[in-house]
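Numbering (the working numbering), first residue to last: 16 to 569. All C-beta atoms in this analysis are idealised placements derived from N, C-alpha and C, irrespective of residue type, glycine included.
Put into structure tokens, the structure is as follows:
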């Protein structure tokens, strides 16, 4: 922990850089970026005076990875094209996954319903009215078998947007794969597993921060041994951006969370080079192409310096910031929804030009309802057009050396480091979360954006300018209202069929592990294999660790 006013180790390399002064986010000034930084109307050679390309850029695939984490980037092969999907029952979602794979998606991204995200079974009283609504309902390994039935788990890469109960969903996925003859060392994918951003921007936490960090480090250790190709965490700025964070805030607070996770793992006795290569990140991509490209490049450079200088990582893979990107759902509009196709294409292009490793493009109708099959296919086709019909995959980092982009990259890097320093002054990410710092900063930025949209200073096509009197009718995809009853019936059958004594024995072993310092994932896996439910496993941990209540709830 740093003393107040002490310069963080990762910022020391910036001591020669002039920290730009950021204006208030959402100030409505056309000559400022989304982060409130100066945006010049013309950039020329003077913007790069004293710019050391070898030091600031390096070569693609080499420290500091400004130009990308792989030497050949997309000239070798395109990014992984993911589509985020999940709704209703496991059977319905499985049908959508099969369609996506058939349409050329090489990666699946699973959305879970709110009860699953919060560690509750579908028949729990608190789950009433939410089962299957914002994602697929998963109560046990039985549901997971249905969800991935017929899919080649050794060929597809699966990302799961799950945080507090991430260990459970990963273990159920591993159990299903093993039953299909696929060992853990052949599985590839990602669990989001980023609980710190839940306290900041999203709210699907269960346990207090320190216990959540303990669970995350247990996942790191388990996967290093049992699922070595799996990305154990996707440290997310996306949800902060959706809550209103500026690009600079998104980078700063996301990397600050990443630093907290690495520190926790090191404190737990893990060697940084044993787990850091499996860390990944998750960012948004907005319609502001130039700043988004600069944001991604700056984030890579900062993280490389953090890992090498603060943590002493020597493996280049431990210094790489690999990330998934999703186009900006918060920028999609219910008015004239077809215009969202254009927005998503621009946002997807920004992510590609910024060097993303995988990409999800939102469906044009997501501001209205769950995406229809046609809309999901069009979203995937958007990526395929960028990859196969444009020329952006023919050269690595095409913006390198751009007066505007290099200047913006430096400015964004400096502003992000300044914000990271403010987090450090408060004792690190967890302490700053407990003080409400990140949440307050993001809320201030969100207010500025809303104010500028309301005043018309920020143009939103089809909303506050170029509006039409009436949109064409749209038929929304709706979730079957009987899903809650179906899931309750499945749970009743499961509890009647399983050996309850075996379940109880494994849950008791999980409780003992949680009380001590044994890795909880091993008894957790056995409980899930015995058909313990998500709610039962999470409740066992709640008994030991308690639940988190935010300070402003009192």
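Asked                                                                                              : Found
Three-way DSSP call (helix, strand, coil) for residue 274 in this model                            : helix
Burial state of residue 141 (16 or more Cβ within 10 Å)                                            : exposed
Residue interval of the alpha helix (DSSP H) (run including residue 159)                           : 156 to 162
Stretch pair the region 201 to 218 + the region 168 to 182: three plus CB contacts closer than 8 Å : yes
Cβ-Cβ distance between residue 300 and residue 366 below 8 Å                                       : yes
Between the CA atoms of residue 406 and residue 144 - distance to the nearest angstrom             : 47 Å
Burial state of residue 378, where buried means 16 or more other Cβ atoms lie within 10 Å          : buried
Residue 424, DSSP secondary structure in three states                                              : helix
Residue range of the alpha helix (DSSP H) that includes residue 250                                : Looking at the DSSP string, residue 250 is not in any alpha helix (DSSP H); the run it does join, the beta strand (DSSP E), is 248 to 251.
Whole-Å CB distance - residue 91 paired with residue 84, under 8 Å assumed                         : With 8 Å as the limit, residue 91 and residue 84 do not qualify as a contact, their Cβ atoms being about 12 Å apart.
Extent of the continuous beta strand (DSSP E) run through residue 175                              : 172 to 176
Residue burial classification, residue 68 (beta-carbon count within 10 angstroms, cutoff 16)       : exposed
First and last residue of the uninterrupted alpha helix (DSSP H) at residue 403                    : 388 to 403
Boundaries of the alpha helix (DSSP H) in which residue 521 is found, first to last residue        : 515 to 530
CA-to-CA distance, residue 409 to residue 55, given in whole angstroms                             : 29 Å
Residue 236, DSSP secondary structure in three states                                              : helix
Minimum C-alpha distance to residue 293 - residue among 314, 326 and 249                           : 249
Residue interval of the beta strand (DSSP E) (run including residue 131)                           : Run containing residue 131: none in the beta strand (DSSP E); it sits in the alpha helix (DSSP H), 129 to 132.
Residue from 360, 334 and 118 whose Cα sits closest to the Cα of residue 341                       : 360
Residue burial classification, residue 481 (beta-carbon count within 10 angstroms, cutoff 16)      : exposed
Residue 296: first and last residue of the uninterrupted alpha helix (DSSP H) it sits in           : From DSSP, residue 296 is part of no alpha helix (DSSP H) but of the beta strand (DSSP E) over 294 to 300.
Three-state secondary structure (DSSP) of residue 126                                              : strand
Rounded distance between the beta-carbons of residue 313 and residue 424, thought under 8 Å        : 5 Å
Beta-carbon spacing of residue 503, residue 137 below 8 Å                                          : yes
For residue 563, the first and last residue of its enclosing beta strand (DSSP E)                  : Note, residue 563: premise wrong, no beta strand (DSSP E); not H, not E.
Beta-carbon proximity of residue 268 to residue 279, cut-off 8 Å                                   : no
Residue burial classification, residue 346 (beta-carbon count within 10 angstroms, cutoff 16)      : buried
Inter-residue Cα distance where the pair is residue 556 and residue 525                            : 8 Å
Per-residue DSSP class, three states only, for residue 254                                         : helix
Helix, strand or coil at residue 242 according to DSSP, with G and I counted as helix              : coil
Residues that DSSP places opposite residue 99 in a beta bridge                                     : 124
Cα-Cα separation, residue 421 to residue 240                                                       : 40 Å
Residue 456 burial status per 10 Å Cβ neighbour count (16 or more: buried)                         : buried
Where residue 42 sits in the DSSP three-state scheme                                               : Note on residue 42: pLDDT 43, under 50, position unreliable in the model; no value is reported.
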